[in-house]
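Peer 1: For reference, the structure I am asking about is given below.
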Amino acid sequence: MNAARVLNSIVLCGRRLTISAPDATAEPANLLIIHDGQNLDAWRAVETVAALTASGAIAPTLIAAIDHTGERRIREFGYGAAGYARFVARDVVPYVRGRYAVRRDRMGTWLCGSSMGGLVTLQTAALHTDLFGKLFVLSPSVWWNRRAILRAIRRPGMLGGLFSRSSGLRADADIWLSIGLKEGDTAIADARRLRDTILDMRLGDASRLRYFEDPDGEHSESSWARQLERALANDPSAG
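The sequence shown begins at 974 in the numbering used here and counts up by one.
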């Protein structure tokens, strides 16, 4: 399977977008959008996807990594999540789809983020349920805004339709959720509460949620690099 990569970096709406695309393939590639693209090298994401593609563990996958640094990051990943989600849905996805041979279905369009990026991954998918079918949520900042994400998941319509019974939970949305056991008792408890809350809103269907506690995991780029590799390699639907 072809694992060669072509890298390209552009500025889209004032933000750097780094594209790592596989060479031409017979079928359209999966689209993996990663928040905090400035950490792409630290995550070893390009190398991981290339290696897993070469081994046949996953189908060819294009990475679109969005840079996000500074004070604006916290604002946009938190209270400004709706605006950031619109940028991802209305600018990033159409740009990539218009220029590269990627899948256009939900299950071939993935989101990934860590910490506050993990939180905005959930919020973006919840606000655009027709667009994203697979979520990689690493060490999410459940603590933000007095754990508002837990209340939002339980309150129909507050974050769109992804978790809402009344508006229709997308049962085919795959979620990978991970936390490091060296991140502290509060972070671990928060991740478990998030897991349980999602399972509760899914009426007990655990088949689409994968939860992993990394024994050596810290709140760090190196830990998220390891967790992303595990998430992709152990996800039977990533092909």
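Beta carbons: idealized from backbone N, C-alpha and C, even for Gly.
Computed from a prediction, not measured in an experiment: that's the story for all the values here.
Who are the Cβ neighbours of residue 1074 in its own chain at under 6 Å, not counting the five residues just before and after it?
Peer 2: The sequence position of residue 1074 within the sequence shown is 101, counting from 1. Hits under 6 Å: 1001.
Peer 1: Determine the closest residue to residue 1146 out of 1025, 1199 and 1081, with distance taken between C-alpha atoms.
Peer 2: Residue mapping note: residue 1146 aligns to position 173 of the sequence shown, counting from 1. Comparing Cα positions, the closest option is 1081.
Peer 1: Which residue from 1105, 1097, 1205 and 1156 puts its Cα closest to that of residue 1112?
Peer 2: Within the sequence shown, numbered from 1, the residue matching residue 1112 stands at position 139. Shortest Cα-Cα distance from residue 1112 to any of 1105, 1097, 1205 and 1156 involves 1156.
Peer 1: I need the straight-line Cα distance from residue 1021 to residue 1202, nearest angstrom please.
Peer 2: Residue numbering aside, residue 1021 sits at position 48 when the sequence shown is read from its first letter. Residue numbering aside, residue 1202 sits at position 229 when the sequence shown is read from its first letter. Using only the alpha carbons, I get a separation of about 6 Å.
Peer 1: I want to know whether the segment 992-999 touches the segment 1027-1035 - three or more CB-CB distances under 8 Å.
Peer 2: yes
Peer 1: Does the beta-carbon of residue 1114 have 16 or more other beta-carbons within 10 angstroms, so that it is buried, or is it exposed?
Peer 2: Here residue 1114 corresponds to residue number 141 of the sequence shown, with the count starting at 1. With 16 or more Cβ atoms within 10 Å of its Cβ, residue 1114 is classed as buried.
Peer 1: Is it buried or exposed for residue 999, if we count other Cβ within 10 angstroms and need 16 for buried?
Peer 2: The sequence position of residue 999 within the sequence shown is 26, counting from 1. Under this definition residue 999 is an exposed residue.
Peer 1: Output the boundary residues of the beta strand (DSSP E) element that contains residue 988.
Peer 2: Here residue 988 refers to the residue found at position 15 when the sequence shown is read from its first residue. For residue 988, the enclosing beta strand (DSSP E) stretches over residues 988-995.
Peer 1: So residue 1057 is in the alpha helix (DSSP H); what residue range does that whole segment cover?
Peer 2: As a position in the sequence shown, residue 1057 is number 84, starting the count at 1. That run of the alpha helix (DSSP H) goes 1054-1060.
Peer 1: Is the beta carbon of residue 1190 sitting closer than 8 Å to the one on residue 1150?
Peer 2: Looking up residue 1190 in the sequence shown gives position 217. Looking up residue 1150 in the sequence shown gives position 177. Going by C-beta atoms, residue 1190 is not nearer than 8 Å to residue 1150.
Peer 1: Which residues in the same chain have their Cβ closer than 8 Å to the Cβ of residue 1116, if we skip the five residues on either side of it in sequence?
Peer 2: Locating residue 1116 in the sequence shown gives position 143, counting from the first residue. So the qualifying residues of the chain are 1159, 1160 and 1163.
Peer 1: Would you tell me roughly how many angstroms separate the C-alpha atoms of residue 1077 and residue 1195, rounded to the nearest one?
Peer 2: By one-based count along the sequence shown, residue 1077 stands at place 104. By one-based count along the sequence shown, residue 1195 stands at place 222. Residue 1077 and residue 1195: Cα-Cα distance of roughly 31 Å.
Peer 1: Looking at C-beta atoms only, is the number of pairs between the segment 1087-1095 and the segment 1041-1052 that lie closer than 8 Å three or more?
Peer 2: yes
Peer 1: Can you tell me whether residue 1186 is helix, strand or coil according to DSSP?
Peer 2: By one-based count along the sequence shown, residue 1186 stands at place 213. Strand, per DSSP.
Peer 1: If you count every other CB in all the chains shown that lies within 10 Å of the CB of residue 1141, and 16 or more means buried, which is it?
Peer 2: Your numbering for residue 1141 matches position 168 in the sequence shown. Any reading at residue 1141 must be qualified, since the residue scores a pLDDT of 38, below 50, and its modelled position is unreliable; the value itself is stated next. Classification for residue 1141: exposed.
Peer 1: Would you decide whether residue 986 is buried or exposed? Buried here means 16 or more other CB atoms lie within 10 Å of its CB.
Peer 2: In the sequence shown, the residue the question calls residue 986 occupies position 13. By the 10 Å Cβ count, residue 986 comes out exposed.
Peer 1: Any idea what DSSP makes of residue 1197, helix, strand or coil?
Peer 2: Counting from 1 along the sequence shown, the entry for residue 1197 is found at position 224. Helix.
Peer 1: With residue 1094 and residue 1108 assumed to form a contact (beta carbons below 8 Å), what rounded beta-carbon distance in angstroms separates them?
Peer 2: Sequence index remark: in the sequence shown, residue 1094 carries index 121 (1-based). Sequence index remark: in the sequence shown, residue 1108 carries index 135 (1-based). Between residue 1108 and residue 1094 the Cβ distance is about 5 Å, and since that is below 8 Å, they are a contact.
Peer 1: Run the CB neighbour count on residue 1279, radius 10 Å, all protein chains shown included, and call it buried at 16 or more, exposed below.
Peer 2: In this structure the chain extends from 974 to 1212, so residue 1279 is not present and cannot be described.
Peer 1: Which residue marks the beginning of the beta strand (DSSP E) containing residue 1110, and which one marks its end?
Peer 2: If you number the sequence shown from 1, residue 1110 lands on position 137. Start and end: 1107-1111.
Peer 1: How far does the beta strand (DSSP E) with residue 978 in it extend, from its first residue to its last?
Peer 2: The sequence position of residue 978 within the sequence shown is 5, counting from 1. Residue 978 -> beta strand (DSSP E) spans 978-985.
Peer 1: Residue 1148: which of 1124, 1125 and 1084 sits nearest, CA to CA?
Peer 2: The sequence position of residue 1148 within the sequence shown is 175, counting from 1. It is 1084 whose Cα lies nearest to the Cα of residue 1148.
Peer 1: Nearest to residue 1071 by CA position, among 1004, 1124, 1028 and 1106, is which residue?
Peer 2: Position 98 of the sequence shown holds residue 1071. Nearest option by C-alpha distance: 1004.
Peer 1: Whole angstroms is fine: what's the gap from residue 1126's alpha carbon to residue 1171's?
Peer 2: For the purposes of this step, residue 1126 is identified with residue 153 of the sequence shown, where counting begins at 1. For the purposes of this step, residue 1171 is identified with residue 198 of the sequence shown, where counting begins at 1. Approximately 7 Å between the Cα atoms of the pair.
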